[in-house]
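**Student:** If you're matching positions, the sequence shown starts at 12 in the working numbering and goes up one per residue. The beta carbon of each residue, even a glycine, is placed where N, CA and C say it ideally should be. First the structure, then my questions, so here it is.
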Amino acid sequence: MSNNNNNTMNEDKNKAALSAKQRGIDHYVAARYQEAEQAFTEAISIANKDDPSLHLYYSNRCASRMNLEKIEEALVDAKKTTELKRDFAKGWSRLGQCLHRLAASSGGGVKKLEGAKR
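Below, the structure is given as structure tokens:
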């Protein structure tokens, strides 16, 4: 396969992922968090590993999951967000929110926080 075909395929995948992301945003704004989570999951599954927006898909799915009270799953997404883009402040903010909510839900459970650091 030629380089042009690979570039075209990558561009098509990125466009499809961006489309799924936009659907997710639309659902999120309408407080349809389950549908938003599904759309962001679709964006993640479509996207290339070098997609410059991949961290946004994880970050947005994290926010959706927090609204669905899926805090441990949201934490995984927040960690992935910060791994993909170390200087993305919102990713770190979401990571902190997840850790705070886990601690609050476990009555200040230090063990959960220690486990989350690994």
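(1) Which of the three DSSP states is assigned to Lys81 in this structure?
(2) Beta carbon of Ala27, beta carbon of Ile55: below 8 Å?
(3) What separation, rounded to the nearest whole angstrom, lies between the Cα atoms of Lys91 and Asn16?
(4) Identify the continuous alpha helix (DSSP H) that holds Phe99 and give its terminal residues.
(5) Contact defined as beta carbons within less than 8 Å: I believe Ser64 pairs with Arg105. What is the distance between those atoms, to the nearest angstrom?
(6) Is Asn17 helix, strand or coil when you go by DSSP?
(7) Comparing C-alpha positions only, which one of Ala100, His111, Thr19 and Ala114 sits nearest to Asn59?
(8) Compare the Cα-Cα distances from Ile82 to each of Ala100, Gly107, Arg112 and Glu94 and report the closest residue.
(9) In or out: Asp62 buried (at least 16 other Cβ within 10 Å) or exposed?
(10) Relative to the C-alpha of Tyr68, which candidate in Glu22, Ser116, Ala50 and Gln108 has its C-alpha closest?
(11) May I have the straight-line CA-CA distance separating Val40 from Arg34, to the nearest angstrom?
(12) Who are the near neighbours of Leu95 in its chain, counting only those whose CB is closer than 6 Å to its CB and skipping five residues on each side?
**Tutor:** In brief:
(1) coil
(2) no
(3) 30 Å
(4) First-last for Phe99: undefined, no H or E at that position.
(5) Actually they do not touch by this definition, with Cβ atoms about 16 Å apart.
(6) helix
(7) Thr19
(8) Arg112
(9) buried
(10) Ala50
(11) 10 Å
(12) Leu65 and His66
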